[in-house]
Amino acid sequence: MADLLTHVLVPYVVLTVTSWWVEVPRQWVVVAMCGAAIPDLVKAKIVVFGLLDVRSVFGVDLAFAGFNRLGGALLLAAAVAVFFGDRWRRAYAFIAFGGLSSLLVDGLRVYADGRADFYLYPLTWWRPPTPSLYVTSDPRVLGTALTVSIAVFLADRYRRHGRLLPDGEASAAE
Amino acid sequence: MHTFVRILVALILVAGVFGLGTHYSTHRSDHWEYPTYEELDRQPGEYVGEQVFVQGDVVEVDATVGTGWVRVMYAGGAFTATVDGFDASVRPGGVVQVYGVFRPGRAVAAETVRVVNPAGASKAYKYVVSAVGALFVLALFFRYWRFDLQTLTFEVR
C-alpha cells in the first residue's frame, strides 16, 4: 500500500479538481480524505501490538486483514457514516469514495507476478492485474503526490481568489 | 437515528469487518495459486519445479554471481531461500518479492525480483510519512468538523 499521506492526498486532488465544475463543499472533501485513511487502519495493529509489546492477541491480527479489502472498506465507511446524523448518506458516499481510491492506488503497486492482491474480496478471489507502477518506499511516490497536490491547491486558490496568495498576505505585500 | 441505535449499528458493522478479516485470513491460502511459505519450508521436495512467489528480508547479496539470500517468514517459522538470477539492487535488511521456479535446497530460479524496500530504513520512512499523514488529516478534519458529545454526531463548524 502507498503511504497514508499519499492516500489522503489522492481524493483531495480528485475532488478539488472536480469542484471546478461541480460544487463539492470543502468539508466533504476533508471527509473523503479521512475515508482514504481508513483502509490504512489495517496497520493500526502494528501500533497497538507494538505498544503492548506482543505479536498477536488471539488472532486479532488476522481479523485486521479485512480493513483494506473492498468489503471491509465499505463496512467501515458505514460504521463511521452513522455518526454524521442526518447527513449519513452523503458522509457514506464521501468516506467510501476515499476508501476506494486508496484501494485503487494500492492495486497499482508492484507485484512480482504482475497481479495485485485480493483487493476485491469478498466480491471475488480474483487478483486483478497490476501495472506494478510503484513501491511505497520510493520517495518519488510521495513526491509526485505532494507536487500534484500543491499545484492543485494553488490552481484552486487562483480560481477562487484570482490570485495565488490569500487576501491578507496579498494586501500586506502591496 | 437514535444515539443508542447508532452505536449498535456501528458496533455490528465493525464486528462484521473483523469477521470478514478472519474469514479472509483463514481462506487466503486456499486461493493463493502458489505454495505457501509453510509448505515450501516443511516439504520443499514436493514443490521442486513449481512456480513460486516469495517475499522476504534480504540477508545477503552476491552480485558477482547474481545470487541473493532471502529470509522468508511465516506464522510458525522461517527459512532462508537461495535466489539465483538475483538482479535487483537492494541492501541487506531490504525487502524483495521473488517470482520464479522452485529448485532443490529451498532455492528459487528467479524470473522476476522486485524490490519492495531497498534498505532496512525504508520501513521507518513509510511509518514516519504515514504518521505525518495521519496527524495532517486529523487536524484538517477537525478544522471543518467538531464532534458533538451529546448527540454523538459530527457537526460542521
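Quick mapping for you: the protein sequence lines, in order, are chains A and B.
Each residue of the first sequence is one higher than the one before, starting from 178 at the first, in this note's numbering.
Each residue of the second sequence is one higher than the one before, starting from 1410 at the first, in this note's numbering.
Every residue, glycine too, gets a C-beta built ideally from N, C-alpha and C.
Check	Outcome
Every unbroken beta strand (DSSP E) within the region 1494-1547 of chain B, with a cutoff of 3 residues, ordered by chain	1504-1512 and 1516-1526
Alpha carbon of B/Gly1425 to alpha carbon of A/Tyr335, nearest angstrom	45 Å
Closer than 9 Å at the beta carbon, the chain B residues around A/Val207	Val1546, Leu1549, Phe1550, Arg1552, Tyr1553 and Trp1554
Sequence-distant residues of the same chain with beta carbon closer than 8 Å to A/Ile311, five excluded per side	Correcting the residue type first, residue 311 of chain A is Tyr in the shown sequence and not Ile. So the qualifying residues of the chain are Ala179, Leu285, Arg286, Val287, Arg317 and Val318.
Residues of the region 1487-1508 of chain B whose Cβ lies closer than 7 Å to any Cβ of chain A, in chain order	Gln1506, Val1507 and Tyr1508
Distance between B/Phe1427 and A/Thr183 (C-alpha atoms, nearest Å)	26 Å
A/Leu252: CB within 7 Å of a non-hydrogen atom of the ligand FMN	Ligands displayed in this structure: none; no statement on the ligand FMN is therefore possible.
Contact set between B/Tyr1483 and chain A, taken where Cβ atoms lie within less than 9 Å	Residues of chain A passing the Cβ test: none, with the nearest at roughly 13 Å.
B/Phe1462, enclosing beta strand (DSSP E) - first and last residue	Gln1460 to Asp1471
Cβ-Cβ distance between A/Pro216 and A/Leu280 below 8 Å	yes
B/Thr1560 beta carbon less than 8 Å from that of A/Gly262	yes
C-beta neighbour in chain B for A/Ser279, strict 8 Å	no
Reference A/Ala213; option with closest CA among A/Arg304, A/Tyr269 and A/Trp303	A/Tyr269
Chain-order list of residues whose beta-carbon lies under 8 Å from that of A/Pro299 (same chain, five-residue window excluded)	Arg246, Leu247 and Gly248
Close Cβ partners of A/Ala347 (< 6 Å) along its chain, the five nearest in sequence each way excluded	The pLDDT assigned to A/Ala347 is 48, lower than 50, so where the model puts this residue is not dependable; a value taken from the coordinates is nonetheless given after this. So the qualifying residues of the chain are Arg340.
Start-to-end residues for the alpha helix (DSSP H) that takes in B/Phe1427	Thr1412 to His1440
C-alpha distance - A/Trp198 paired with A/Leu192, whole-angstrom precision	10 Å
Helix, strand or coil at A/Val224 [DSSP, three-state]	helix
Nonlocal neighbours in the same chain, by C-beta distance under 7 Å from B/Tyr1443, ignoring five residues either side	Gln1460, Val1461 and Phe1462
Inside the region 245-328 of chain A only - beta strand (DSSP E) runs reaching at least 3 residues	none
Contact under 8 Å by Cβ, B/Gly1503 with B/Ala1528	yes
Local Cβ density within 10 Å of B/Asp1466, reported as buried at 16 or more and exposed below that	buried
Neighbour list for A/Leu182 in chain B, Cβ cutoff strictly below 8 Å	Val1538, Ser1539, Val1541, Gly1542 and Phe1545
Pairwise C-alpha distance: A/Gly243 and B/Arg1500	32 Å
Top-ranked residue by Cα proximity to B/Leu1558, from A/Trp302, A/Ala293 and A/Phe260	A/Phe260
Any C-beta of chain A under 8 Å from that of B/Arg1451	no
Proximity below 8 Å, CB of B/Phe1511 to CB of B/Gly1458	yes
Whole-angstrom C-beta distance between A/Ser314 and B/Ser1498, which should lie under 8 Å	That belief does not hold up - the Cβ atoms of B/Ser1498 and A/Ser314 are roughly 13 Å apart, past 8 Å.
Chain-order list of residues whose beta-carbon lies under 6 Å from that of A/Ala350 (same chain, five-residue window excluded)	Residue confidence is low: A/Ala350 scores 44 on pLDDT, short of 50, so the model does not pin down where it sits. No coordinate-derived value is stated.
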